[in-house]
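Novice: Encoded as structure tokens, here's the structure I'll be asking about.
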Amino acid sequence: MSRLDSTLSWNRNSDRGKALVIASFLASALLAAGALVLTSGDGAQAARELVTRFSSLLFVCSLLAPPLARLVPARALSALALMSGNLRLSFVATFVFSLACALMPAAVGGEALSVSAVLYIGLNGLMLLVMLFPANRAATRRMGAASWRAIQHLATAYFWLAFLVSSLVHVARQDESLVWHGFMLTLLVVALGAIAAAKFSREAVEG
């Protein structure tokens, strides 16, 4: 297997993982619908927040699965690691849904989007497109493994930092979502630690 084939091997399980992507998108739709129906205040805001939380869990799972499978060679973790690409695609699908929820007031009610909302939707949308790029296998082969890894690391680091900063802000404010954001903050730090531990483990074996 060439280096590029190895780099793209996360996608070899995509056929079996298509159901995961579809199920994640449908779950986002159900969460958004529930928020719109049950929330007495800003339903679109509640829907966006709920779907964003769901997508952040998928993102953390996509980060955690490969290093945990290396550190703890269990069959279940290995199977999950093989689907890390599908988890990433599920994250993209659900986060796109959350951006659609952010656009809902403007699309349905004709409300003007604030500058911050436009920047939020535009920048996140761009990074989601970067994450989707590996789905085009021919394009990734033309780019080469090094370039592909660089843009994937950029997109992954962006969302990791975005979720981290958001959680830190909410924890510092000690608002009503303190428990959730404290939980997310812990997961993000654990994911980074697992990635670092797996890297050191691999280097120790190869060395």
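Its first residue numbered -2, the sequence shown is counted upward by one per residue in this note's numbering. Every residue, glycine too, gets a C-beta built ideally from N, C-alpha and C.
(1) Counting only the same chain and skipping the five closest in sequence on each side, list residues whose C-beta sits under 7 Å from that of residue 108.
(2) For residue 52, tell me which candidate among 156, 173, 179, 197 has the shortest Cα-Cα distance.
(3) Give every residue of the same chain whose Cβ lies closer than 6 Å to the Cβ of residue 128, excluding the five residues on either side of it in the sequence, and list them in chain order.
(4) Within 10 angstroms of its Cβ, does residue 59 collect 16 or more other Cβ (buried), or is it exposed?
(5) Looking only at its chain, what residues have a beta carbon closer than 6 Å to the beta carbon of residue 220, apart from the 5 residues adjacent to it on each side?
(6) If you drop the 5 nearest sequence neighbours on each side, which residues of the same chain put their C-beta closer than 7 Å to that of residue 3?
(7) Specify, as a first and last residue, the run of the alpha helix (DSSP H) that residue 125 falls within.
(8) Please classify residue 87: does DSSP put it in a helix, a strand, or coil?
(9) Need the endpoints of the alpha helix (DSSP H) that residue 171 sits in, please.
(10) In whole angstroms, what separates the C-alpha of residue 56 from that of residue 148?
Specialist: So, to answer that:
(1) Position 111 of the sequence shown, counted from the start, is the residue given in the question as residue 108. Contacts found: 102.
(2) Taking the sequence shown and counting its residues from 1, the one referred to as residue 52 is at position 55. Ranking 156, 173, 179, 197 by Cα distance to residue 52 puts 156 first.
(3) Numbered from its first residue, the sequence shown carries residue 128 at position 131. Answer for residue 128: 89, 152, listed in chain order.
(4) Sequence index remark: in the sequence shown, residue 59 carries index 62 (1-based). Buried: at least 16 other Cβ atoms inside 10 Å.
(5) The shown model of the chain, from -2 to 204, leaves out residue 220, and the question about it has no answer.
(6) As a position in the sequence shown, residue 3 is number 6, starting the count at 1. Residue placement at residue 3 is poorly supported in this model, since its pLDDT is 37, which falls under 50; the coordinates still yield a value, given next. Around residue 3: no qualifying Cβ.
(7) For the purposes of this step, residue 125 is identified with residue 128 of the sequence shown, where counting begins at 1. Where residue 125 is concerned, the enclosing alpha helix (DSSP H) stretches over 112 to 129.
(8) Translated into positions along the sequence shown, residue 87 becomes position 90. Three-state DSSP puts residue 87 in a helix.
(9) Residue mapping note: residue 171 aligns to position 174 of the sequence shown, counting from 1. Neither: residue 171 is in no alpha helix (DSSP H) and is coded neither H nor E.
(10) Here the question's residue 56 lines up with position 59 in the sequence shown. Here the question's residue 148 lines up with position 151 in the sequence shown. Using only the alpha carbons, I get a separation of about 16 Å.
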